[in-house]
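>
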Amino acid sequence: MRSLIDITDFTTAELDELISVALDIIARPDEYANKCRGKKLATLFFEPSTRTRLSFEAAMYELGGNVIGFSEASSSSAAKGESVADTAKIISQYADIIAMRHPKEGAPYVAAKNATIPVINAGDGGHCHPTQTLADLLTIVREKGRLNNLTVGMCGDLKYGRTVHSLIAALARYENINVVLISPDELRIPDYVKDDIIVKNKMSYSETASLEEAIPSLDVLYMTRIQRERFADKDEYERLKDSYVLTPEKLTTAKEDMCILHPLPRVNEISVRVDEDKRASYFRQALNGKYMRMALILKLLGEANTPKEQREGEGLVYDEIKCENPRCITSTEQELTHIFRKDGNGEMRCIYCEALKK
Amino acid sequence: MRSLIDITDFTTAELDELISVALDIIARPDEYANKCRGKKLATLFFEPSTRTRLSFEAAMYELGGNVIGFSEASSSSAAKGESVADTAKIISQYADIIAMRHPKEGAPYVAAKNATIPVINAGDGGHCHPTQTLADLLTIVREKGRLNNLTVGMCGDLKYGRTVHSLIAALARYENINVVLISPDELRIPDYVKDDIIVKNKMSYSETASLEEAIPSLDVLYMTRIQRERFADKDEYERLKDSYVLTPEKLTTAKEDMCILHPLPRVNEISVRVDEDKRASYFRQALNGKYMRMALILKLLGEANTPKEQREGEGLVYDEIKCENPRCITSTEQELTHIFRKDGNGEMRCIYCEALKK
Amino acid sequence: MRSLIDITDFTTAELDELISVALDIIARPDEYANKCRGKKLATLFFEPSTRTRLSFEAAMYELGGNVIGFSEASSSSAAKGESVADTAKIISQYADIIAMRHPKEGAPYVAAKNATIPVINAGDGGHCHPTQTLADLLTIVREKGRLNNLTVGMCGDLKYGRTVHSLIAALARYENINVVLISPDELRIPDYVKDDIIVKNKMSYSETASLEEAIPSLDVLYMTRIQRERFADKDEYERLKDSYVLTPEKLTTAKEDMCILHPLPRVNEISVRVDEDKRASYFRQALNGKYMRMALILKLLGEANTPKEQREGEGLVYDEIKCENPRCITSTEQELTHIFRKDGNGEMRCIYCEALKK
């Protein structure tokens, strides 16, 4: 049995297979309309996310299945103090596959360890959101026709933007990707992403604070929002913010076939005047998210009866180190063993939230 | 492609067609049980309304379709600041038709302008609630056998009661309707309804403060609630309120075949002792609402592939006049062009909320 | 037409029939996959209960039906002041069967009196929760092979634990049941349960404060949570609480084939270290709850067209005695007749919440 917690859980071949199935669903939707007849998806959303939830639900219905679940924690048993582990065990009695959104990092991983059905991480705090990355990849394939030989600009909040980190990790699997990192100094990409993903995979990259300078070279522009709260100096925010808002004016120097992505929801970082531009791919990206979720549900249900995958590997340390990340599921879950593993740099990381030992 | 924002979007012939389809659904439900197989309704309820939402959902299921959606804004992306326009564009990727309830007047119209699927207004603040009017019309047809030659009493809060205004507008399409407006002085029907609908359509009407005096003449009695908050003078409210509560005693002088309607929920404006009276039609009215919503969904899905209807017409003024109605969607939606048009009296009205230019 | 408000609404033969149908569903699920095609369950949850709600929804989907509803009161019309009676009448227009959870005792009974479709009590405050008892019974049958000749320990909060009271009432129907009541003195079983159920039915029983002493004799151990709030003396709580937490250590003296039940959610009253013990039946109990709800839905829909059952019986007193239980639905429902009946001991009880006349 497989779950999807982090995009790196899948091999390149598996990503390519998902894309291939999604393209087939698009070409022949009727062939898939009854694939999940009699199956149930549980959407366990401990915090609201309409878009992601409705995308999963639409995906399951288009496969002929049904959906049960909740859309916020107040409607769930979490209010009564139930652990994520128990919720996963019980929902395993009611449904065939789980999509879980949770504010705590690592919560879907705890669910996957305890569930007897596949679990899909639909976003765990600032940690991972792998189905967004699946949507991004299919969009690039459909808009550009390839996942290699691309110059991809990532613009905005590269420090906290988990969708950016995850997309870079996925693109690292493909050939000849050139990443252009466009952000204000305060929101530059963290070293652990740069060193552990970009440098380690020998990806070509450059950093700049200027969207306008970067734009002419790009095949793909991935926009994200810059939040005022991220800035210690509010004057700095006011000074900078407009330079990271995409407008028709800024697009005049872009390639004719550049495609513009955004994980949505946007607030104002892409002017609505851009929506009519044929390069604006972000609403098609939402549609692609539905198709990739269909492909993913099919893949995981297809492997539901295989033995459970052991994700933890070797060299683990149990309950010796305590995770101190307040956003980690270990901070709230009852009787949860704290587990650390040595990463590629020889440092100890929490297996739930991947935070380094302090 | 058509949407239903205001009951006047439909011609008399179209209203008659909807009624005719609803009657056929009642007669032959099995014929319709698979009409929407594989289709999805999105119920986007930015404020709660159980009855309306469940009526739509029941309607879609009885047509063989599925439902996705949310039941209040806190579960939606609106909490993250997403615009109604973006929500409509994204949901268009997931569903085949939208039913939207929103506290801001004009929000479903903004959705319809941006969606690529039909949008049904399921209530926008105090503005419109056209599917309630569809339920009212079918109920009158089924209880009285006709939509003309009727004396229709409207009782209660005629000032703020949008269902009353909308029903009058619909009945103006039919022959020989006599409207009896029954309300306390504070809650008389607004001039714009009286002048623009009743007078303009040469409907016969009278006004009275006495339900008891009016009741013997009525073929239909449409009750609404009088809310304490509407009265500046609370003593006046206390003095008046009981005279607008329908009781078995007040019904003794009514016609044997008068039918009693209420948009529901009621609080205490109709005594539960009236429920057993065969003239009490308000629970059957709820059932009729479901059938009309089925007919409506079928109609709009049937026209989903026709070119998008241009509802705005000519003589529009863009961004010169700002709408000052604080309940209008223009007060919150980002980058929304303010648009006014000249109405039949030569006055400028906001195209979203229909408020007059101040 | 039948509803299920209290487990005692069903005869022993009916309980046995439900168990028998549930076992057949488990053996031949495909035979049931379309039994409710075209039917709709309304889940009216005026307070959240994920597990119970999702169990009902899973049950209905596995029967081929659909589900409409709400998961908390804020999404419902109750916020607008609608009565339970009106809600029941309206939902009867939209669905085929209702499952209702409500914080007020007697609310599902009020719904059943007013609905024209069957109503299932999915929990009304501290009053009844009969589908939990159905789950308990099937679990005992499946784990022990019988419902008679059993020593059943009930451990924890026996004073407020409605699931315990209800299970005792159900087991009183079977032969040779020995009940062992295990609780701190503050939380002993109420006299009305002991006298009216245990003693009246000549059940064998004993009381003890020691789980460790009781455990070796038990065939079934039913655990419940002890809440700190229940204790006037917090030191007493701290002193006692660990003795009512089930651990692998306490299980060393238990029978090899004892089965451990818990209505869930647990907080910490069963250590997660017990989960791997084969005697731990509480997650299978959740699964059994789904099967019994399937059997129940089938039974009630099958009887939906029979005349409505009169549950109130004779010797009723109308509006002479006022129920003073603040948790009773009579405390909030509009225009609800207060009704009392004489119980077996000659005392007057509210027919809604079953509280004694004060």
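Residue numbers (this note's numbering), protein chains in the order written: chain A, 121 to 478; chain B, 121 to 478; chain C, 121 to 478. Where is the CB? At the ideal position from N, CA and C, for every residue including glycine.
Using the Cβ count rule (16 or more neighbours within 10 Å means buried), how would you classify T373(C)?
Here residue 373(C) refers to the residue found at position 253 of the third sequence. T373(C) should be labelled exposed.
> To the nearest angstrom, report how far apart T163(A) and A208(B) are at their CA atoms.
The residue you call residue 163(A) lines up with position 43 of the first sequence. The residue you call residue 208(B) lines up with position 88 of the second sequence. The alpha-carbon atoms of T163(A) and A208(B) are separated by roughly 22 Å.
> Count the CB pairs spanning the region 315–322 of chain A and the region 286–294 of chain A that are closer than 8 Å, and state whether there are at least three.
Yes, they touch.
> Over the uninterrupted beta strand (DSSP E) stretch that includes R399(B), give me the two end residues.
Taking the second sequence and counting its residues from 1, one reaches residue 399(B) at position 279. Taken as a continuous stretch (DSSP letters only), R399(B) belongs to no beta strand (DSSP E), as it is neither H nor E.
> Does the distance from the C-beta atom of I151(C) to that of I145(C) stay below 9 Å?
Stepping through the third sequence from its first residue, residue 151(C) is reached at position 31. Stepping through the third sequence from its first residue, residue 145(C) is reached at position 25. A small fix is needed here, since residue 151(C) is Glu in this sequence, not Ile. Contact: yes.
> Can G409(B) and M343(B) be called in contact, C-beta distance under 9 Å?
Along the second sequence, read from residue 1 onward, the residue named residue 409(B) stands at position 289. Along the second sequence, read from residue 1 onward, the residue named residue 343(B) stands at position 223. Not in contact: G409(B) and M343(B) (Cβ atoms no closer than 9 Å).
> 9 Å is my cut-off, CB to CB: does L174(C) come that close to chain A?
Along the third sequence, read from residue 1 onward, the residue named residue 174(C) stands at position 54. By this cut-off, L174(C) is an interface position.
> Taking C-beta to C-beta, are R122(A) and L384(A) nearer than 9 Å?
Stepping through the first sequence from its first residue, residue 122(A) is reached at position 2. Stepping through the first sequence from its first residue, residue 384(A) is reached at position 264. Cβ distance not < 9 Å, so R122(A) and L384(A) don't count as in contact.
> Spell out whether any CB of chain D is found under 9 Å from the CB atom of P223(A).
The structure shown contains no chain D; its protein chains are A, B and C.
> So, helix, strand or coil for S175(A), using DSSP?
Numbered from 1 along the first sequence, position 55 holds the residue referred to as residue 175(A). Looking at S175(A) - three-state DSSP - the assignment turns out to be helix.
> Using 10 angstroms around the beta-carbon of K398(B), count the other beta-carbons present and answer buried if the total reaches 16, otherwise exposed.
Within the second sequence, residue 398(B) is the residue found at index 278, counting from 1. It is exposed - the Cβ of K398(B) has fewer than 16 other Cβ atoms within 10 Å.
> What residue ranges within the region 201–247 of chain B form continuous alpha helix (DSSP H) runs of no fewer than 4 residues, ordered along the chain?
204–214 and 227–234
> Compare the C-beta of Y312(C) against all C-beta atoms of chain B and say whether one is closer than 9 Å.
Indexing the third sequence from 1 puts residue 312(C) at position 192. Not an interface residue.
> Within 10 angstroms of the Cβ of Q430(B), are there 16 or more other Cβ atoms? Answer buried if so, exposed if not.
Along the second sequence, one-based indexing puts residue 430(B) at 310. Label assigned to Q430(B): exposed.
> So that I know if they touch, is there some Cβ in chain B lying closer than 9 Å to that of G201(C)?
As a working note, residue 201(C) is residue 81 in the third sequence. Taking Cβ atoms only, chain B reaches closer than 9 Å to G201(C), which makes this a yes.
> Taking V437(C) as the reference, give the member of I449(C), I417(C), L416(C) and D463(C) with the closest Cα.
Translated into the one-based positions of the third sequence, residue 437(C) becomes position 317. It is D463(C) whose Cα lies nearest to the Cα of V437(C).
> Near A334(A), which residues of its chain fall below 7 Å by C-beta distance, leaving aside the five closest residues on each side in sequence?
On the first sequence, position 214 is the one that residue 334(A) refers to. Hits under 7 Å: G273, V300, I302 and T328.
> Measuring only the C-alpha atoms, how far is V187(B) from E396(C)?
Along the second sequence, one-based indexing puts residue 187(B) at 67. Along the third sequence, one-based indexing puts residue 396(C) at 276. Cα to Cα, V187(B) sits roughly 39 Å from E396(C).
> Consider the Cβ of T207(A): report whether some Cβ of chain C lies at a distance smaller than 9 Å.
Along the first sequence, one-based indexing puts residue 207(A) at 87. So, interface residue.
> Quick check on Y411(C): does DSSP put it in helix, strand or coil?
Counting from one through the third sequence, the residue named residue 411(C) turns up at place 291. Correct three-state label for Y411(C): helix.
> By the 10 Å Cβ neighbour count, where 16 or more other Cβ atoms means buried, how is P250(C) classified, buried or exposed?
To locate residue 250(C), count along the third sequence from 1; it is residue 130. That one is buried.
> Cα-Cα, which of I346(A), F351(A) and E467(A) is closest to S363(A)?
One-based indexing of the first sequence puts residue 363(A) at position 243. Checking every option, the nearest Cα to that of S363(A) belongs to I346(A).
> Helix, strand or coil: which one does DSSP assign to E453(A)?
Along the first sequence, read from residue 1 onward, the residue named residue 453(A) stands at position 333. E453(A) falls in the coil class under three-state DSSP.
> Name the residue from Y229(A), M180(A) and A179(A) whose alpha carbon lies nearest to the alpha carbon of D126(A).
Position 6 of the first sequence, counting from 1, holds the residue named residue 126(A). Out of Y229(A), M180(A) and A179(A), Y229(A) has the C-alpha closest to the C-alpha of D126(A).
> Assuming I260(C) contacts L267(C) (C-beta within less than 8 Å), just tell me the rounded distance between them.
Indexing the third sequence from 1 puts residue 260(C) at position 140. Indexing the third sequence from 1 puts residue 267(C) at position 147. The Cβ separation is near 6 Å, so the contact holds.
> Taking DSSP as the reference, what is the three-state secondary structure of K372(B)?
Reading the second sequence from its first residue, position 252 is the one you call residue 372(B). According to the sequence displayed, residue 372(B) carries Thr and not Lys. In the structure shown, T372(B) adopts helical secondary structure according to DSSP, grouped into three states.
> Mind pulling the chain A residues with CB within less than 7 Å of K361(B)?
By one-based count along the second sequence, residue 361(B) stands at place 241. Below the 7 Å Cβ cutoff, chain A contributes no neighbours of K361(B), its closest Cβ being approximately 36 Å away.
> With a cut-off of 8 Å, do at least 3 Cβ pairs link the region 464–477 of chain A to the region 443–456 of chain A?
yes
> By the 10 Å Cβ neighbour count, where 16 or more other Cβ atoms means buried, how is S326(B) classified, buried or exposed?
Indexing the second sequence from 1 puts residue 326(B) at position 206. S326(B) is exposed by the Cβ-count criterion.
> Look at the alpha carbon of K159(A) and the alpha carbon of M468(B), and state the distance between them as a whole number of angstroms.
Your numbering for residue 159(A) matches position 39 in the first sequence. Your numbering for residue 468(B) matches position 348 in the second sequence. Going by the C-alpha atoms only, they are around 55 Å apart.
> Would you list, in sequence order, the uninterrupted alpha helix (DSSP H) runs of no fewer than 4 residues that lie entirely inside the region 305–345 of chain C?
331–334
> Is it true that the CB of S140(A) sits closer than 9 Å to the CB of F165(A)?
As a first step, residue 165(A) is located in the first sequence; it is residue number 45 there, counting from the start. As a first step, residue 140(A) is located in the first sequence; it is residue number 20 there, counting from the start. Cβ distance not < 9 Å, so F165(A) and S140(A) don't count as in contact.
> Run down chain B in chain order and give the residues with a C-beta less than 7 Å from the C-beta of N186(C).
Locating residue 186(C) in the third sequence gives position 66, where the first residue counts as 1. Ordered by position in chain B, the residues that pass the 7 Å Cβ test against N186(C) are Y181.
> Grouping DSSP H, G and I as helix and E and B as strand, with all else coil, what is V284(C)?
For the purposes of this step, residue 284(C) is identified with residue 164 of the third sequence, where counting begins at 1. Of the three classes helix, strand and coil, the one that applies to V284(C) here is helix, per DSSP.
> Check whether the Cβ atoms of I211(C) and I240(C) sit closer than 9 Å, and answer yes or no.
Numbered from 1 along the third sequence, position 91 holds the residue referred to as residue 211(C). Numbered from 1 along the third sequence, position 120 holds the residue referred to as residue 240(C). Taking 9 Å as the Cβ cut-off, I211(C) and I240(C) do not qualify as a contacting pair.
> Can you pull the chain A neighbours of Y438(B), defined as C-beta to C-beta under 7 Å?
Taking the second sequence and counting its residues from 1, the one referred to as residue 438(B) is at position 318. Per Cβ cutoff of 7 Å: no residues; Y438(B) is ~14 Å from chain A at best.
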